[in-house]
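Structure first, then comments.
Protein chains: 2
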Amino acid sequence: MREISNLEKLANFFSNMPGIGIKTAYKLAFHILKLNEKEVTDFTDAILNTHKNTKKCLICQNYTENKICSICSDEKRDKSVICVVESSKDVISFERTNAFFGRYHVLHGLISPFNGIGPKQLSIKELVLNIKNNSEIKEVILATSPTDEGETTAMFIAKVLKPFNVKISRLAYGISVGSEIQYADSMTILKAIENRNEI
Amino acid sequence: MREISNLEKLANFFSNMPGIGIKTAYKLAFHILKLNEKEVTDFTDAILNTHKNTKKCLICQNYTENKICSICSDEKRDKSVICVVESSKDVISFERTNAFFGRYHVLHGLISPFNGIGPKQLSIKELVLNIKNNSEIKEVILATSPTDEGETTAMFIAKVLKPFNVKISRLAYGISVGSEIQYADSMTILKAIENRNEI
Chain A
118 MREISNLEKL ANFFSNMPGI GIKTAYKLAF HILKLNEKEV TDFTDAILNT HKNTKKCLIC
178 QNYTENKICS ICSDEKRDKS VICVVESSKD VISFERTNAF FGRYHVLHGL ISPFNGIGPK
238 QLSIKELVLN IKNNSEIKEV ILATSPTDEG ETTAMFIAKV LKPFNVKISR LAYGISVGSE
298 IQYADSMTIL KAIENRNEI
Chain B
118 MREISNLEKL ANFFSNMPGI GIKTAYKLAF HILKLNEKEV TDFTDAILNT HKNTKKCLIC
178 QNYTENKICS ICSDEKRDKS VICVVESSKD VISFERTNAF FGRYHVLHGL ISPFNGIGPK
238 QLSIKELVLN IKNNSEIKEV ILATSPTDEG ETTAMFIAKV LKPFNVKISR LAYGISVGSE
298 IQYADSMTIL KAIENRNEI
């Protein structure tokens, strides 16, 4: 009986975004109504400009507005270590530590047969090419999440990189810093015991 | 040293929206990158159209794209009961119960001296005018949240409406004190309507 209003359409758009339920979607749609005209066009311009100008770095595949991203083109970064991550979000997390000075390679996904995602849909060939063409690379840290898909992807890449003269490492497993042991799952505790360090 | 990228700008826009933290903001910005061109323009069009075409109903002040909203222009709705709510979000919550067949009045806020919001900034005068001009209205349900601001607003409106020949009621405390109506489940809202009390 009732036609779908623009407001409902907009709320539907928001609710299709990751982690946004229908109530939050309406909250965001109502927020748009409270903006003034300039704020709204600034927002839509930001969406359109980001979509238009953001591409993947020719080396590491991370999102950038240039051919080569700011990390790959930073001569002060250590060229000998490549940290392989699932997504650009992970690059942000690593950068926030201010403790990693190597470079990255962004896979843009994980191997997930259940979701029909195989190695060819990830930027693994670009990683291989980079290592092949770049004798400065001495180590590849496989920094995918310790989930089934993350493990599978790490194991696959480790196998692919075997013929190359690079050290291959994996992020350490353990209990998160600042968390309580009682909330850690058994597998994590098991790994933490296995990887215990002498002090 | 580094200029702010479009992606960061877009993430900042998202993080200024209610309930969106910086991590979710980046998640949403990365989601935009994965859309195709049509999906992006559909989204920005939805934002612009919603902002441009949505106005307030001349009677109840709820958001609509017409002069009179679909509820106020629905002849099947009971004209004798007006449910006064803080925001359009609350109308959605009430409609979801499928148990209220009267009409609404949207205040667009609550009296909040701490935030500099007085009765004049709310659509109270429109409510008074509506009651004055409309002898069919027999009851006004004050359905603001059972918070300090919601109570203050309800008491204020009750006082303003005293001279008029209408029954004034308040939602029953089926809704947990201190919580917001938009987060209440349909059954709770239903009970609160059934148990409304005259004040």
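Chains as they are written, first to last, in the numbering used here: chain A, 118 to 316; chain B, 118 to 316. Even glycine gets a Cβ: it sits at the ideal position worked out from N, Cα and C. As the structure is a prediction and not an experimental result, all values here were calculated from the model.
**Study point:** Range covered by the alpha helix (DSSP H) that runs through residue 241 (chain A)
**Key:** 241-249
Practice item. Can you give me the start and stop residues for the alpha helix (DSSP H) that residue 149 (chain B) sits inside? Key: 139-151
Point to revise | DSSP three-state assignment for residue 181 (chain B), whether helix, strand or coil | key: strand
Check your understanding: For the candidate residues A:245, A:147, A:217, whose alpha-carbon lies nearest to that of residue 280 (chain A)?
Key -> A:245
Exercise for review: Please look up how many angstroms separate the CB atoms of residue 243 (chain B) and residue 197 (chain B), rounded, as I've assumed it's under 8 Å.
Suggested key: That belief does not hold up - the Cβ atoms of residue 243 (chain B) and residue 197 (chain B) are roughly 18 Å apart, past 8 Å.
**Study point:** Span of the alpha helix (DSSP H), counted from its first residue to its last, around residue 277 (chain A)
**Key:** 265-278
Review point. Can you name the start and end residues of the alpha helix (DSSP H) that residue 168 (chain B) belongs to?
Key: 154-170
Review point. From the beta carbon of residue 300 (chain B), is the nearest beta carbon of chain E less than 9 Å away?
Key: Looking for chain E here will not work: the only protein chains present are A and B.
Point to revise | Amino acids of chain B, ordered along the chain, whose beta-carbon sits closer than 7 Å to that of residue 205 (chain A) | key: 147
**Study point:** Distance between beta carbons of residue 241 (chain A) and residue 199 (chain A), contact taken as under 8 Å
**Key:** Actually they do not touch by this definition, with Cβ atoms about 13 Å apart.
Practice item. Report yes or no: is there a C-beta of chain A within less than 9 Å of the C-beta of residue 195 (chain B)? Key: no
Point to revise | residue 92 (chain A) versus residue 261 (chain B): straight-line alpha-carbon distance, rounded | key: Look at the range of chain A in this structure, 118 to 316, and you will see that residue 92 (chain A) is not part of it.
Check your understanding: Alpha carbon to alpha carbon, what distance is there between residue 264 (chain B) and residue 272 (chain B)?
Key -> 12 Å
Practice item. Using a threshold of 9 Å, state whether the C-beta atoms of residue 123 (chain A) and residue 166 (chain B) are closer than that. Key: yes
Practice item. Could you list which residues in chain A have their beta carbon closer than 8 Å to that of residue 160 (chain B), in chain order? Key: 130, 164
Review point. Alpha carbon to alpha carbon, what distance is there between residue 205 (chain B) and residue 157 (chain A)?
Key: 20 Å
Point to revise | Beta-carbon proximity list for residue 218 (chain B), same chain, < 7 Å, skipping 5 on both sides | key: 194, 195
Exercise for review: Can you tell me which of the three DSSP states residue 205 (chain B) falls into?
Suggested key: helix
Point to revise | Contacts that residue 126 (chain B) makes with chain A (C-beta to C-beta distance below 7 Å) | key: 163
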